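Peer 1: In my numbering, the protein residues as written are 412 to 581.
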Amino acid sequence: MRTVFVGIAGGVGSGKNHFAKNLVARLAQRKVKAVPIEVSSSEGLNETQPIGDCVIYHGPTVLRDTRLKPKLDLKVFLDIDGDVRLSNMMKNGNLESLEKYNDVRSFHSDFVMKQKKIADIWINEINNAKLTDVVNVIEKVRRQPAREEDVEPEEIRVYLDNYDQRSLKQ
412 MRTVFVGIAG GVGSGKNHFA KNLVARLAQR KVKAVPIEVS SSEGLNETQP IGDCVIYHGP
472 TVLRDTRLKP KLDLKVFLDI DGDVRLSNMM KNGNLESLEK YNDVRSFHSD FVMKQKKIAD
532 IWINEINNAK LTDVVNVIEK VRRQPAREED VEPEEIRVYL DNYDQRSLKQ
């Protein structure tokens, strides 16, 4: 069996973190690591992540990241209704002003939605059936032989040193 790399992308307030945590819980008998990747990090992320049976990367633009995209076995896009995302942003305290909301909407249309066409699975509502479907796909991929380009090291380095919006346009 091989390590499965999953990317979960979606707009602000779409439930990426919630979805990833639920996948980790459902795959509890496996060694699973969820790694949030944030666009807003000006210094980027440079840390070593242990490899397990499944590594789940989640963030607004994970599917467009040129360093992660080639590693991803499964690409999930959370296509959650804008009103639901707005409600979630307000509940989570992520919306301080109308100006911020307009920035989020612009970012969503300019960067986030462009990932939908490269996703393997689109999810428009997070529920138990959708989580079960994704878990089943992960298990199916794990049973496949490792790809020739897969190297199964003890750990993987995730370099996002120069991660900024310019790299998203590639």
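No residue lacks a Cβ here, since even glycine has one placed at the ideal position from N, Cα and C.
What you are looking at is a predicted structure, and each value in this text was computed from that prediction instead of being measured.
#1: Distance check for M412 and G424, CA to CA, integer angstroms please.
#2: Excluding sequence positions up to five away, which residues of its chain have a Cβ less than 6 Å from the Cβ of E418?
#3: Count the other CB atoms within 10 Å of the CB of T414; is the residue buried (16 or more) or exposed (fewer)?
#4: In the structure shown, what three-state DSSP assignment does K444 receive?
#5: Note down the Cα distance separating N539 from H429, rounded to an integer number of angstroms.
#6: Beta carbon of D490, beta carbon of I534: below 8 Å?
#7: Please check if any C-beta of chain C sits within less than 8 Å of the C-beta of K525.
#8: Tell me which residue opens and which closes the beta strand (DSSP E) that L467 is part of.
#9: Going by other Cβ atoms of all chains shown within 10 Å of its Cβ, with 16 needed for buried, is R554 buried or exposed?
#10: Closest by CA to A530, which one among G421, F488, D464?
#11: Expressed to the nearest angstrom, what Euclidean distance is found between the alpha-carbon atoms of G421 and Q526?
#12: For the alpha helix (DSSP H) that G422 lies in, which residues bound it at each end?
#13: Closest to K442 by CA distance: which of A431, V466, I448 is it?
Peer 2: By the coordinates alone:
#1: G424 and M412: Cα-Cα distance of roughly 34 Å.
#2: Looking at the sequence itself, residue 418 is Gly, so the reference to Glu does not match. These residues qualify, in order along the chain: Y468, V473, L474, L483, K486.
#3: In this structure T414 is buried. Its beta-carbon is surrounded by 16 or more other beta-carbon atoms within 10 angstroms.
#4: Residue state, collapsed to three classes: strand.
#5: A direct Cα-to-Cα measurement between N539 and H429 gives close to 12 Å.
#6: Inclusion of D490 and I534 in the CB contact set at 8 Å is warranted, their separation being smaller than that value.
#7: Of the protein chains in the structure, only one exists, and it is not chain C.
#8: Note on identity: in this sequence residue 467 is Ile, with Leu being the wrong assignment. Run containing I467: 465-469, per the beta strand (DSSP E) assignment.
#9: Burial call: exposed.
#10: The shortest Cα separation from A530 among G421, F488, D464 belongs to F488.
#11: Approximately 8 Å between the Cα atoms of the pair.
#12: That residue, G422, is in no alpha helix (DSSP H); it is neither H nor E in DSSP.
#13: Measuring from the Cα of K442, the nearest candidate turns out to be V466.
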